[in-house]
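Asks: Those protein sequences? They're chains Z and B, same order as listed. Quick note on numbering: the numbering used here labels position 141 of the first sequence as 141, and the sequence is numbered without any gaps. In the numbering used here, each residue's number is its place in the second sequence (first place is 1) plus 853. Let me begin by handing over the structure; questions about it come next.
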Amino acid sequence: MNLFEHSKENDSAAFNLPPQFIDWFSKKGWQPRAHQLELLNNAESGQSTLLIAPTGAGKTLAGFLPALVDITRRPEPKAGQIKPGIHTLYISPLKALAVDIERNLSAPVSEMDLPVRVETRTGDTPTSKRQRQKLNPPDILLTTPEQLSLLISHPDASRFFGDLRYVIFDELHSLVTSKRGHLLSLALSRLWQLVPNVQTIGLSATVADPDDLRRWLVPQNCTTIPLSELVTVDGGAKPDITILKTEQRIPWSGHSARYAMQGVLDAIKAHQTTLIFVNTRSQAELIFRELWTINEDSLPIALHHGSLDVSQRRRVEQAMATNSLRAVVATSTLDLGIDWGDVDLVIHVGSPKGASRLAQRIGRANHRMDEASRAILVPANRFEVMECQAALDANYLGAQDTPPVGDGTLDVLCQHILGVACSGPFFPDALYQEVTSAEPYARLSREQFDQCLQFVANGGYALRSYDRYARIRETTDGSWRITHPSVAQQYRLNAGTIIEAPMLNIRMTRNRGKSCLAGNKAMRGGPMLGKIEELFLEMLTQGDTFLFAGKVLRFEGIRENECFVSNAQSSDAKIPAYAGGKFPTTTYLSEQVRKMIDNPESWDKLPEQVSQWLGYQKQFSVLPKPGEMLVETFPRGERFYMVAYPFEGRLAHQTLCILLTRRMERAGAHPIGFVASDYAIAIWGMKDFGAMIASGKMSLSELFSEDMLGDDLEEWLDESFIFKRTFRHCAVIAGLIDKRHPGKEKSGRQVTVSADLIYDVLRSHDPNHILMQATRHDARAGFLDVARVGSLLSRIKGRIVHKNLERISPLAVPVMLEIGKESIASDETSDALMEEVSMNGDDIVREAMGVDF
Amino acid sequence: MRSGLKTIKDTQAGQPLEITFGGDELLLDPAGILIIKSINALVVADLHLEKGSSFARRGQFLPPYDTAATLARLTALVDKYNPSIIVSLGDSFHDDEASHRLSDSTLETLQTMTHERQMVWITGNHDPSPPSHLPGQCYEELAIGKIVLRHIPDTSYKGHEISGHLHPCAQIQVRGKKVRRACFACDGARMIMPSFGVLTGGLNLADRAFNGLFHSAKLRAYMQGKDKVFPISSENIIGLRR
């Protein structure tokens, strides 16, 4: 794509552009677009601006126009004068995006012969280059939020950023809702402090509420609520989206979409370049594999996901840019604004789980506003068929379901305070003012700020025994300073908010079948393939096979932080169980699916097998109305089941199940298990739930009453494993425990302290500690989706429809098929499981008598 | 792994499992201590007291409550069994200076706990210097009947030995679900105790650190349940090389 696209709508001569630009435009036969000029105009009159445009409007690069113009106009430094520092910072959520932008900027810069030096700085940038950048900064620095945080934590930050004029935030909509966004907003508040006149340019896809982002871009204060300027570009041609037509049977459940592979391959053949998006990395591996099994013409199809080795990813990105691939199977690492050559088709395997997410992913195709993008959705199961249809409908309506920005979290604030301290002494009053200028922290109380400060200083415990080891300390002039240079080193190793599950490198070896643990140096020869979760590898024993980087690999063993594998002979493989990348369906999409179920007229848009399935449900049970929730009870095998259909997403459903089973236990129903899908929940036990409801022994309205979210929730929350996982994240981000660094782990013995143990100690001795507050906040909002459970309970109040059935209903089939797939035991069931395999009474007696020994 | 900190009452409520070892009867308590019945000795391993402050010295502020929490649990078990001897099997303190950082109230707790009973500190790799200012005697090893007690298991020793140091835990899989818990690991000749300190983690029995320590067919993991000890035979433990 080109920097400024052809357009006839404006007269650029009327606009004040430097001659190089006017010449260049006219040589190309182009004119700048209205929104590009408007952005430039705002920038030159000192305003910060949010630019909202659909993908393909050239918005990313439009953001650079003010910077390029301003640098061109800047007088050249005279001999002996110090060269100016960084003029423009560009912040991208993805490393790959920064690299891509560098490539795209180089063409106009060299064609116009502009005096502009552009460089990237990411986690992959070598130390020598970083040091050179410090001494001799480029005019435009393309970087990531993490790198910005590191840069502002250096004592020379004020000098380094002294000449800063613009900060461009790309894909702002995707950054702001995460902890990365919170950290970035705090870094921005620091920049406002260091360079008061710095202006921001936010680039965003269409969002539900633009004012959230407009506040984010300018310093907030307690009296007024300032907004940045807003430039909106309307969408171009409506995309052409279809759902893959298939003669195959669409599965009841699961996420593999194996049934559709021939159809996907046919679509690839019919197009020039296809991007295939999936929701998880394991899905990517599986689909890549499936496509190659039937790819008889050997079309160049590649794989791209975040766990692959970086050199492998770069090769794929290069090949894509030169149009030498026919298709790439990719996860959300490619989700955002990367320019991918001439993609003319996007295939989405699985439901996109949100209307806005679909729009953003489709935007990858074609990349030209005035031509319709082509996209095909491939639902992996029957409920996803309805979700895909709802997402498709929403896309025509332009409905948006991006989440609200929300308040900044305290663990991130703790990290930022330490970063500020590493850059030099600070005064708490001034720093409080500063952090509350960041929109996500505008509502932060002074009390919470002070608690965070105490945490950074000495752990913030009620028992103040660590004062003598403080990391930062108040000095006589009232400023706070770090107590030792090692504090800054520790900060730099742990900065950032992305906490991945512990990962091991995967390395090929030729020494098949020999023990890797023998200390044999020859073992270390092979190439690196990428990284994989330790938890997954723990399940494997030598000789097991799994799918990674498109290959079937044989597990040979683990040494230190490396996992050794060889090429497997078999084609049968276990699939990597990657943890990341499963988001729940948005509230908006769920609601649309509920409406669709109730409205048989809309079924003719659905494939026949799906509309038939819904028809059978109507015949054998009931179809719930959108405002209602259906609860079915039926016996199956030795057990009795209760299945409910809230359609609120897996997270909310899990929370709901846990709370429901507690209540059913109290009602004497003795549930023994449950399973939750994105659409439904199933709870089972040995008692006839249907009869209990019919006889009034168990009341559904009491079971689902709103007070469930009171004591039951609090009590369970504190001991749930979800809470512990959340705590680990908060503890690492806040700096209570160190991140794991590959290669730094000592083999064997644990040198770190398990976050679970720290949690247990804190919970019983300091339950109001700042990290416990942060954890409760996160758990309620994120992992548990408590708000969604709450809105469900109030929505269905008095509107629960119970149907007692003799056998399983058609609608219940998908969730019933999920039973038995969950692999982690909760605490409550652990003892029962150990009991099951523990040696029986006879064994124990024999043992006690010493016969066995 | 331990499933959360228990209250004093919960800690005392566990039902011990009796086994025969080295011609003696042992009671394995689900809270992670054992009793040698013949001389009424309570044995506890790897208390790692002052682990929190040990990390705090290096700028990592773990909660400062671990010593009090660990000793409260130990006191509860001392009250439950009323032993004549308490043996702390090494790594009682997380570092060699840790015993000098104990708070006054902790010292008082130790005084009360050891009142009118014998206290034995076995030295460990974390705490090689005897805590001479504390009540009790200090040894590198101790023999009780046919059983030798030491901190680090001695691979070359052929008799009956009780040790700690490795913090064993075992993982099992039942119908697709996994459970991982701290355990007493024992093959009839060697017994390695679980770690007791509230901030101590576990090391999987499948780790190579355990290589050559056990007769693999005879190995049992006595996994710590909520209020019972579950004896698990080696074929049910994930990852053991046989």
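All residues carry an ideal CB built from backbone N, CA and C; glycine is no exception.
Less than 7 Å between C-beta atoms, sequence neighbours within five positions excluded: which residues of the same chain meet that for L151 of chain Z?
Replies: Excluding residues within five positions, the ones whose Cβ falls inside 7 Å are A157, F160.
Asks: Using alpha carbons as the reference points, say which of Z:M112, Z:L504, Z:D544 lies closest to G530 of chain Z.
Replies: Taking only the C-alpha atoms, the option nearest G530 of chain Z is Z:L504.
Asks: Going by alpha carbons, who is nearest to E556 of chain Z out of Z:S570, Z:V176, Z:S602, Z:R507?
Replies: Minimum Cα distance to E556 of chain Z is reached at Z:R507.
Asks: Using a cut-off of 9 Å between C-beta atoms, extract the partners of F1083 of chain B located in chain Z.
Replies: Neighbours of F1083 of chain B on chain Z, chain order: D831, M834, E835, V837, S838, M839.
Asks: So, with DSSP's three-state summary, where would you put L703 of chain Z?
Replies: Here L703 of chain Z sits in helix by DSSP.
Asks: Taking contact to mean 3 or more Cβ pairs, one atom from each stretch, closer than 8 Å, check whether the region 467-482 of chain Z and the region 411-430 of chain Z are in contact.
Replies: Yes: at least three Cβ pairs fall under 8 Å.
Asks: Go through the region 17-50 of chain Z residue by residue and report every complete run of the alpha helix (DSSP H) that reaches 4 residues or more, in order.
Replies: Those alpha helix (DSSP H) runs which fall completely within the region 17-50 of chain Z and span 4+ residues are 19-28, 34-44.
Asks: If you drop the 5 nearest sequence neighbours on each side, which residues of the same chain put their C-beta closer than 8 Å to that of P869 of chain B?
Replies: The answer, listed in chain order, is L880, L881, D882, P883, I888, V1082.
Asks: Please confirm whether P983 of chain B and H1020 of chain B have their CB atoms less than 8 Å apart.
Replies: It is not a contact, given that the beta carbons lie outside the stated cut-off.
Asks: Just reading off the beta strand (DSSP E) that E474 of chain Z is part of, what are its end residues?
Replies: Per DSSP, E474 of chain Z belongs to the beta strand (DSSP E) from 472-474.
Asks: Taking Cβ-Cβ distances below 9 Å as the criterion, which residues of the region 902-928 of chain B are in contact with chain Z?
Replies: Here the close residues are K904, G905, S906, F908, A909, R910, R911, G912, Q913, F914, L915, P916, P917, Y918, D919, A921, A922.
Asks: Measuring only between beta-carbons, confirm whether A518 of chain Z sits less than 8 Å from chain B.
Replies: Confidence at A518 of chain Z is low in this model, with a pLDDT of 43, below 50, so the placement of that residue should be treated as unreliable; the coordinate-derived value is given next. Cβ-Cβ to chain B under 8 Å: no for A518 of chain Z.
Asks: List the endpoints of the continuous alpha helix (DSSP H) containing A394 of chain Z.
Replies: Looking at the DSSP string, the run of the alpha helix (DSSP H) that includes A394 of chain Z is 382-397.
Asks: Can you check whether the CB of L172 of chain Z is closer than 8 Å to the CB of G870 of chain Z?
Replies: As shown, chain Z starts at 1 and ends at 853. That puts residue 870 of chain Z outside it, with no answer to give.
Asks: Tell me, please, whether the CB atom of V420 of chain Z is closer than 8 Å to any CB atom in chain B?
Replies: Output row for V420 of chain Z: interface = no.
Asks: For S228 of chain Z and I52 of chain Z, which I take to be in contact (beta-carbon distance under 8 Å), what is that distance rounded to the nearest angstrom?
Replies: S228 of chain Z to I52 of chain Z, Cβ: 11 Å. No contact.
Asks: Quick one: is P1006 of chain B buried, meaning 16 or more other Cβ sit within 10 Å of its Cβ, or exposed?
Replies: Result: buried.
Asks: What are the boundary residues of the alpha helix (DSSP H) that includes V675 of chain Z?
Replies: V675 of chain Z -> not in any alpha helix (DSSP H); beta strand (DSSP E) instead, spanning 671-676.
Asks: Among B:I1091, B:S985, B:V1051, B:N1064, whose alpha-carbon lies nearest the alpha-carbon of I1025 of chain B?
Replies: It is B:I1091 whose Cα lies nearest to the Cα of I1025 of chain B.
Asks: What does F1025 of chain B touch in chain Z if you count any residue whose Cβ is under 8 Å from its own?
Replies: Just to set this straight, residue 1025 of chain B is Ile in the shown sequence, not Phe. Per Cβ cutoff of 8 Å: L833, M834, V837.
Asks: Mind reading off the beta-carbon distance from L855 of chain Z to I376 of chain Z? Whole number of angstroms is fine, and I expect it under 8 Å.
Replies: The shown model of chain Z, from 1 to 853, leaves out residue 855 of chain Z, and the question about it has no answer.
Asks: With DSSP collapsed to three states, give me the class of A518 of chain Z.
Replies: In this prediction, A518 of chain Z scores a pLDDT of 43, lower than 50, which makes its location untrustworthy; the coordinate-derived value is nonetheless stated afterwards. Residue state, collapsed to three classes: helix.
Asks: Measure the CB-CB distance between I939 of chain B and L895 of chain B and report whether it falls below 8 Å.
Replies: Contact: yes.
Asks: So G1054 of chain B contacts chain Z; which residues on that side make the cut at Cβ distance below 7 Å?
Replies: By Cβ distance, chain Z contributes Q750, V753, S754, L757.
Asks: Apart from the five residues just before and just after H670 of chain Z, which ones in its own chain have a Cβ nearer than 8 Å to its Cβ?
Replies: For H670 of chain Z, where only same-chain residues beyond five positions count, the Cβ hits under 8 Å are M664, G685, M686, K687.
Asks: Report all residues from its chain with a CB closer than 8 Å to the CB of P624 of chain Z; omit the five preceding and five following residues, and keep chain order.
Replies: Same-chain partners within the cutoff: R594, I597, D598, L630, Y645, V801.
Asks: Which residue wins for smallest C-alpha separation from A330 of chain Z, given the options Z:E648, Z:G550, Z:L792?
Replies: Comparing Cα positions, the closest option is Z:G550.
Asks: Taking C-beta pairs closer than 9 Å, name the residues in chain Z that S1087 of chain B reaches, listed in chain order.
Replies: Correct list: empty, because the minimum Cβ distance to chain Z is about 11 Å.
Asks: M1076 of chain B touches chain Z at which residues, Cβ-Cβ below 7 Å?
Replies: Correct list: M834.
Asks: For V896 of chain B and chain Z, any beta-carbon pair shorter than 8 Å?
Replies: Judged by the 8 Å Cβ criterion, V896 of chain B is not in contact with chain Z.
Asks: Report the neighbours of R471 of chain Z on chain A: residues whose CB is nearer than 9 Å to its CB, in chain order.
Replies: Going by chain labels, chain A is absent from the structure shown, which instead holds the protein chains Z and B.
Asks: Could you check whether L963 of chain B and V897 of chain B sit closer than 8 Å to each other, using their CB atoms as the reference points?
Replies: No, they are not a contact pair.
Asks: What span of residues does the beta strand (DSSP E) with K245 of chain Z cover, start to end?
Replies: Here K245 of chain Z belongs to no beta strand (DSSP E), and DSSP marks it neither H nor E.
Asks: Given this structure, state the Cα-to-Cα distance separating Q542 of chain Z from A1059 of chain B, to the nearest angstrom.
Replies: If I take the Cα positions, the gap works out to 13 Å.
Asks: Could you confirm whether any beta carbon from chain B is found closer than 8 Å to the beta carbon of L3 of chain Z?
Replies: With a pLDDT of 48 at L3 of chain Z, under the threshold of 50, the predicted position of this residue should be treated as unreliable, though the coordinate-derived value follows. For L3 of chain Z, the answer is no, since every Cβ of chain B falls outside 8 Å of its Cβ.
Asks: Chain B partners of V487 of chain Z, CB-CB under 8 Å?
Replies: Residues of chain B passing the Cβ test: G912.
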